[in-house]
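K.L.:
Before I ask anything, let me first share the structure, which is written out below as structure tokens.
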Ligand SMILES: [Fe+2]
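Numbering (our numbering), first residue to last: 7 to 452.
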């Protein structure tokens, strides 16, 4: 029986294929390089490599895009065809991949956790479950799933730093900021080029409103997390948010043009960030030029393929359509949402509970129906983690709610919600700017 570098048994595949698998694991953990291309090589050279096929299916699923469904199905089928001698760990991975292919993200994470119970050093199961915890907005498991395996890892196990980086992000999403920062710094002391650990500490600074420190944190180590990192666009997005806090819209737009959306997005993940940044700039009254139209064009081109697959993405498409007055595209999106909301899968519940009301809210905001937008966002904001994303990403709901309340003349409500931000981020200028705007609007509103 062969084993991978962390001692996990591998039932099949040549020594070279397992070597490529190791390379793909490193690429998946670090976001540097293309693990799918590496796995394609591995299974081309060693078609009986069950773990290679399964890793490809699981990795593609972590993009949360419907376009990968055929390739995921093909990899699952390839693993099934040759998997008569698959071991229990591989059978667990296959079950998780099947759940993901069926849109059952919660069940997939439970299957992956079953694998981790027996093989806590399974870097693939951990990485995929961590990302799916993120998409499911499961902060508890972003932290606890990593905590459950941590005793089995140490500095002499390859990839340990990435486990610390994941733990850091989970701690941050559970609002344990000092512990999160310590874990991120410990990860970076071992591997300074860990973009996810850099990101976890960035989140701590974002949540605590440590704006100048956040800018320094990201810019001083930019060569560690960019440019050759598939996740760099998101750390640049965080950097743009820090600059926006100081009202530096020009700097935020320069980052948008240069690093967040330099051309048509290749992944919905980066289109989401591009859209979210433009929406925040719009709320702040910045002129974003034709950028929203470009982004809306991209969302429109993806409507038929991707709408109704993941509510968090759909919500961002809705912002692009609302900002550009695209009523027809918005209506098509709503049709797809209505269909998705009938589903019994994970996204069906996300869409019913969170996505659909928020998408209606954004459409109402776009039409100037601010009262309606407020009444749709307010009841959903506190359960919005159910459609995934981070606290920092979902902050857009609070910003939009406050702005809609201000525009609707509901000054006390706007200030009521804004009080959260002023308390959490005493150094932040963004919140104080919003307060000034509310005060300026107040006389006209009464
Ligand atoms: Fe983030």
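Even glycine gets a Cβ: it sits at the ideal position worked out from N, Cα and C.
Quick check on the contact list: which residues have their beta carbon closer than 6 Å to a heavy atom of ligand 1?
P.N.:
Listed by chain position, these are 205, 209, 240, 244, 396 and 398.
K.L.:
Buried or exposed for residue 409, please, with buried defined as at least 16 other CB atoms from any protein chain shown within 10 angstroms of its CB.
P.N.:
If you number the chain shown from 1, residue 409 lands on position 403. Residue 409 comes out buried.
K.L.:
By Cβ distance, which residues of its chain are closer than 7 Å to residue 59, with the 5 residues on each side in sequence left out?
P.N.:
As a first step, residue 59 is located in the chain shown; it is residue number 53 there, counting from the start. Excluding residues within five positions, the ones whose Cβ falls inside 7 Å are 49, 81, 84 and 85.
K.L.:
Less than 8 Å between CB atoms is the rule here; does residue 191 satisfy it with respect to chain D?
P.N.:
Of the protein chains in the structure, only one exists, and it is not chain D.
K.L.:
Just to confirm my understanding: we take residue 405, look at its own chain, exclude 5 residues before and 5 after, and list those with CB closer than 6 Å. What are they?
P.N.:
Taking the first residue of the chain shown as position 1, residue 405 is located at position 399. These residues qualify, in order along the chain: 289.
K.L.:
Between residue 313 and residue 326, is the Cβ-Cβ spacing less than 8 Å?
P.N.:
As a working note, residue 313 is residue 307 in the chain shown. As a working note, residue 326 is residue 320 in the chain shown. Not a contact, by the Cβ cut-off of 8 Å.
K.L.:
So what does DSSP say about residue 105, is it helix, strand or coil?
P.N.:
If you number the chain shown from 1, residue 105 lands on position 99. Helix, per DSSP.
K.L.:
Provide the residue(s) that pair with residue 9 in DSSP beta bridges, ordered along the chain.
P.N.:
Along the chain shown, one-based indexing puts residue 9 at 3. Per DSSP, 15.
K.L.:
Does the region 205–213 come close enough to the region 418–425 that 3 or more CB-CB pairs lie under 8 Å?
P.N.:
In short, these stretches do not touch, since the Cβ pair count stays below three.
K.L.:
What separation, rounded to the nearest whole angstrom, lies between the Cα atoms of residue 131 and residue 398?
P.N.:
Working through the chain shown from its first residue, we reach residue 131 at position 125. Working through the chain shown from its first residue, we reach residue 398 at position 392. Rounded to the nearest angstrom, the two C-alpha atoms are 26 Å apart.
K.L.:
Return the chain-ordered list of same chain residues with a C-beta closer than 7 Å to the C-beta of residue 420, the five sequence neighbours on each side being excluded.
P.N.:
Here residue 420 corresponds to residue number 414 of the chain shown, with the count starting at 1. Excluding positions up to five away in sequence, the list reads 408, 411, 412 and 444.
K.L.:
Going along the chain, which residues of its own chain have a beta-carbon closer than 7 Å to the beta-carbon of residue 451, five neighbours each way excluded?
P.N.:
Position 445 of the chain shown, counting from 1, holds the residue named residue 451. Per-residue confidence for residue 451 stands at a pLDDT of 46, beneath the threshold of 50, marking its modelled position as unreliable; no derived number is given.
K.L.:
Assess, as a yes-or-no matter, whether the region 296–309 is touched by the region 269–287 under the definition of 3 or more beta carbon pairs within less than 8 Å.
P.N.:
Yes, they touch.
K.L.:
Roughly how many angstroms lie between the CA atoms of residue 174 and residue 234, to the nearest whole one?
P.N.:
Mapped onto the chain shown, residue 174 falls at position 168. Mapped onto the chain shown, residue 234 falls at position 228. Roughly 22 Å between the two C-alpha positions.
K.L.:
Please report how far the alpha carbon of residue 357 lies from the alpha carbon of residue 300, in whole angstroms.
P.N.:
Within the chain shown, residue 357 is the residue found at index 351, counting from 1. Within the chain shown, residue 300 is the residue found at index 294, counting from 1. Cα to Cα, the separation comes out at about 26 Å.
K.L.:
Would the beta-carbon of residue 315 fall within 8 Å of that of residue 353?
P.N.:
Position 309 of the chain shown, counting from 1, holds the residue named residue 315. Position 347 of the chain shown, counting from 1, holds the residue named residue 353. In this structure, residue 353 lies closer than 8 Å to residue 315 by Cβ.
K.L.:
State buried or exposed for residue 213, treating a residue as buried only when at least 16 other CB atoms are found within 10 Å of its CB.
P.N.:
For this step, residue 213 is matched to residue 207 along the chain shown. Residue 213 should be labelled buried.
K.L.:
Cα separation between residue 89 and residue 380?
P.N.:
For the purposes of this step, residue 89 is taken as the residue at position 83 of the chain shown. For the purposes of this step, residue 380 is taken as the residue at position 374 of the chain shown. Cα to Cα, the separation comes out at about 53 Å.
K.L.:
Considering residue 412, what are the terminal residues of the alpha helix (DSSP H) in which it resides?
P.N.:
Position 406 of the chain shown holds residue 412. 397–413 is the extent of the alpha helix (DSSP H) around residue 412.
K.L.:
Run through DSSP, which three-state label would residue 350 get?
P.N.:
Along the chain shown, one-based indexing puts residue 350 at 344. It is coil, neither helix nor strand.
K.L.:
Is DSSP giving residue 257 helix, strand or coil here?
P.N.:
Here residue 257 refers to the residue found at position 251 of the chain shown. Note: residue 257 maps to helix in three-state DSSP.
K.L.:
In chain order, what are the residue ranges of uninterrupted alpha helix (DSSP H) at least 4 long that sit wholly in the region 146–188?
P.N.:
Correct list: 166–179.
K.L.:
Put residue 252 into one of helix, strand or coil per three-state DSSP.
P.N.:
Start at 1 with the first residue of the chain shown, and residue 252 comes out as number 246. It is coil, neither helix nor strand.
K.L.:
Could you check how far apart the C-beta atoms of residue 298 and residue 265 are, in whole angstroms? I think they sit under 8 Å.
P.N.:
Numbered from 1 along the chain shown, position 292 holds the residue referred to as residue 298. Numbered from 1 along the chain shown, position 259 holds the residue referred to as residue 265. Wrong, their Cβ atoms sit about 18 Å apart, outside the cutoff.
K.L.:
Under 7 Å Cβ to Cβ from residue 285, same chain only, skipping five residues before and after it: list those, please.
P.N.:
What you label residue 285 is simply residue 279 of the chain shown in a count that begins at 1. Here the set comprises 325, 329 and 402.
K.L.:
Have a look at residue 144 and residue 392 and give me their C-alpha separation to the nearest angstrom.
P.N.:
By one-based count along the chain shown, residue 144 stands at place 138. By one-based count along the chain shown, residue 392 stands at place 386. Using only the alpha carbons, I get a separation of about 7 Å.
K.L.:
Under three-state DSSP, which class holds residue 301?
P.N.:
Translated into the one-based positions of the chain shown, residue 301 becomes position 295. Residue 301: helix per DSSP, three-state reduction.
K.L.:
Which one of 126, 400, 441 and 337 has the shortest CA to CA distance from residue 369?
P.N.:
Within the chain shown, residue 369 is the residue found at index 363, counting from 1. If we check each option's Cα against that of residue 369, 337 comes out closest.
K.L.:
Given residue 377, which residues of its chain have a CB within under 7 Å of its CB, disregarding the five upstream and five downstream residues?
P.N.:
Translated into positions along the chain shown, residue 377 becomes position 371. If we look at residue 377 and ignore the five residues flanking it on each side, its Cβ neighbours are 414.
K.L.:
Considering only their Cβ atoms, is the gap separating residue 191 from residue 230 smaller than 8 Å?
P.N.:
Taking the first residue of the chain shown as 1, we reach residue 230 at position 224. Taking the first residue of the chain shown as 1, we reach residue 191 at position 185. Not in contact: residue 230 and residue 191 (Cβ atoms no closer than 8 Å).
K.L.:
If you follow the alpha helix (DSSP H) that residue 219 is part of, which residue opens it and which one closes it?
P.N.:
Numbered from 1 along the chain shown, position 213 holds the residue referred to as residue 219. Looking at the DSSP string, the run of the alpha helix (DSSP H) that includes residue 219 is 217–226.
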